[in-house]
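Enquirer: Take this structure, written in structure tokens, and hold onto it; I'll ask about it next.
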Amino acid sequence: MPALTFVTRQRRWLALGVVALAYVLSFFQRFAPAGIAPDLAAAFATSAASLGALAATYFYVYTVMQVPTGILVDTLGPRRILLMGGVIGGLGSILFGLAPTFDLALAGRALIGLGVSVTFIAMLKLIAVWFEERYFATLVGVCMLIGNLGSVLAGAPLSAIAQTTGWRGAFIATGLVSLALALLCWALVRDRPTATAATVRFDRTALLTGLLAVLRNRGTWPAALVNTGIGGTFFAFAGLWTVPYLMQVHGLARDQAAAHLSLWFASFAVGCLFIGTLSDRLGRRRPVIIGAAHGYALIWLLLFSGITMPLAVSYALFALLGLLTASFSLTWACAKEVNPPLLSGMSTSVANMGGFAAAALLQPLIGWVMDLVWRGETVVGVRVYDLAAWRGGVGIIAVCALLGAAASWWIVETRCRNIWRAA
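Numbering (the working numbering), first residue to last: 1212 to 1634.
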């Protein structure tokens, strides 16, 4: 990359900081249903399957938008789509907070997914263009750490707000913040470091060829499958089912269950920074992913058993779960480093799509499986499921996690540099 002036170097950090704040909102919206699952079930009188569909609407749209987003950041640049995404996501959040009916809530959730779907890929593109390649995984980890503040807020803090002042106001306020950050992104973000570089345009006629090249590259798919097995199960369960599971299977109070969720998010945030830095310093991707993916799958087998454990052990388990979950953040680097640098947006979006597609399918599937064996028990109008029902849902997660662990053995070792070579 060309040498940068002092002012330009300072500006790139400011721009990345604003985008990272927008990413905080993306994480908050992704996991918000988990902190208020009982409130949503009561507000819209939903079954587990319907509640899963409501939460998964975000992931449906997010998944569909991954490849288009990669194309857009490689052509139009991140600045324009960050503005559009922030506005759409903000309006969707306001609609969700005001929604009087389940259908309008679905519409609001869909707009949220559409708006925030561009943030992460745009952020990866900015890091790839503005910063040295050897710092890619570390900077992604730092941004994930910052972004996960949103997931922590979506746990115990949002649950507490919902019980005191109601959940709707939180989403309206989040929408207004999203609109403000969209304007800041437009004012501060620039697509490329220099004016000269700005004249170099991606060949639009080569879009399909470039996408097909990424999809045909065998090195892309192990990263996408690991992302599916770890990221997809994380988004699916942490995004909705964790609090009800801990309350109904382990008998925890709502504040204790929400604290477990926040701990999972917080340790995941720290883990993203730790995993990325560890991989960059070791100069290796594959052994880090293999070890973490297998540990992650083993924990899900333990959760599937439904075994009762002391509260301190339960907290420690969720802290470890978060650290291991963070390993899927390396899949973006793995996909980027085996594909042409010019296609970094497409390659990372293809890898990212696996996790969000899995979450979109798993959230309603888990609810549907649980509804099949529901015994008809309710508490204050909210369905209660026994251990057998929960094992059906958690079993699906465990199988997907095991598949992700198996796929980790096919990760291509890049030694933390781009190894693509033109034929």
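Note that CB positions come from ideal geometry on N, CA and C, so glycine has one too.
Going along the chain, which residues of its own chain have a beta-carbon closer than 6 Å to the beta-carbon of A1618, five neighbours each way excluded?
Expert: The answer, listed in chain order, is P1433, L1436, V1437.
Enquirer: Taking a contact to mean a Cβ-Cβ separation below 8 Å, would you say L1183 touches L1236 in this structure?
Expert: Nothing in the structure corresponds to residue 1183, since the chain is present only between 1212 and 1634.
Enquirer: Going by DSSP, which residues form a beta bridge with V1593?
Expert: Per DSSP, V1590.
Enquirer: What is the C-beta distance between A1348 and L1553, in whole angstroms, given that I count them as a contact (C-beta under 8 Å)?
Expert: The pair is not a contact, with the Cβ atoms about 20 Å apart (cut-off 8 Å).
Enquirer: What does a CB cutoff of less than 7 Å around W1631 pick up in its chain, not counting 5 residues either side in sequence?
Expert: V1549, N1550, P1551, listed in sequence order.
Enquirer: So, are the CB atoms of G1556 and V1284 less than 8 Å apart?
Expert: Cβ distance < 8 Å, so G1556 and V1284 count as in contact.
Enquirer: Just the C-alpha distance for L1531 and W1511, rounded to the nearest angstrom, thanks.
Expert: Rounded to the nearest angstrom, the two C-alpha atoms are 12 Å apart.
Enquirer: Counting C-beta neighbours from all protein chains within 10 Å, is the total for G1494 16 or more, i.e. buried, or is it exposed?
Expert: It counts as exposed.
Enquirer: If you measure between the beta carbons of I1372 and A1365, is that distance less than 8 Å?
Expert: Not closer than 8 Å, so no.
Enquirer: Under 8 Å, do R1290 and V1388 count as touching if we go by C-beta distance?
Expert: Not closer than 8 Å, so no.
Enquirer: Could you say which of A1393, L1306, A1599, G1487 lies nearest to A1333 if we only look at CA atoms?
Expert: That would be A1393, whose Cα lies nearest to the Cα of A1333.
Enquirer: Please give the ranges of any alpha helix (DSSP H) in the stretch 1534–1560, keeping only runs that are unbroken, at least 4 residues long and fully inside the region.
Expert: The qualifying runs are 1541–1547.
Enquirer: Output needed for W1378: all residues of its chain with C-beta closer than 6 Å, excluding positions within five of it in sequence on either side, in chain order.
Expert: Excluding sequence neighbours, W1378 sits near I1247, D1250.
Enquirer: With a threshold of 16 other CB atoms inside 10 Å of the CB of Q1277, please say whether the residue is buried or exposed.
Expert: Buried is the call here.
Enquirer: Using only alpha-carbon positions, find the residue among G1506, A1537, S1538, H1471 that is nearest to A1523.
Expert: Of G1506, A1537, S1538, H1471, the residue nearest in Cα terms is H1471.
Enquirer: Can you find at least 3 beta carbon pairs, one from the stretch 1305–1313 and one from the stretch 1477–1495, that sit closer than 8 Å?
Expert: Contact between the stretch 1305–1313 and the stretch 1477–1495 is absent, because fewer than three Cβ pairs lie under 8 Å.
Enquirer: Hey, which unbroken runs of the alpha helix (DSSP H) at 4 residues or more fall wholly within the stretch 1332–1397?
Expert: Within the stretch 1332–1397, the complete alpha helix (DSSP H) runs of at least 4 residues are 1347–1364, 1367–1375.
Enquirer: Answer yes or no: do C1545 and G1443 have a C-beta to C-beta separation smaller than 8 Å?
Expert: Not closer than 8 Å, so no.
Enquirer: Please list, in chain order, all residues of the same chain as C1627 whose beta carbon is under 6 Å from its beta carbon, the five residues on each side excluded.
Expert: Here the set comprises D1491, G1494.
Enquirer: Within the same chain, show all residues whose beta-carbon is closer than 7 Å to that of L1297, passing over the 5 residues directly before and after it, in chain order.
Expert: Leu is not the amino acid found at residue 1297; the sequence shown has Gly there. So the list reads A1233, G1326, S1389, L1390, L1392, A1393, C1396, once near-sequence residues are dropped.
Enquirer: For a test of the three-state rule: what should DSSP assign to M1520, helix, strand or coil?
Expert: In this structure, M1520 counts as coil in the three-state DSSP scheme.
Enquirer: Name the two residues that bound the continuous alpha helix (DSSP H) containing V1460.
Expert: Segment 1453–1460, the alpha helix (DSSP H) holding V1460.
Enquirer: What three-state label does DSSP hand S1237 in the structure shown?
Expert: DSSP places S1237 in helix when its eight states are reduced to three.
Enquirer: Under 8 Å between the Cβ atoms of L1451 and A1600?
Expert: Cβ atoms of L1451 and A1600: not closer than 8 Å.
Enquirer: Please report the residue range of the alpha helix (DSSP H) in which T1431 lies.
Expert: That run of the alpha helix (DSSP H) goes 1431–1437.
Enquirer: Can you grab the Cα-Cα spacing for the pair A1226 / A1384, in whole Å?
Expert: Straight-line Cα distance between these residues: approximately 23 Å.
Enquirer: Quick one: residues in its chain with C-beta nearer than 6 Å to the C-beta of V1329, no 5 flanking neighbours on either side, listed in chain order?
Expert: Within the same chain, V1329 has close Cβ partners T1280, I1292, G1296.
Enquirer: Which of the three DSSP states, helix, strand or coil, is assigned to I1247?
Expert: Residue state, collapsed to three classes: coil.
Enquirer: Compute the distance between the beta-carbons of A1316 and F1270, then report whether it is under 8 Å.
Expert: The answer is no: Cβ separation not under 8 Å.
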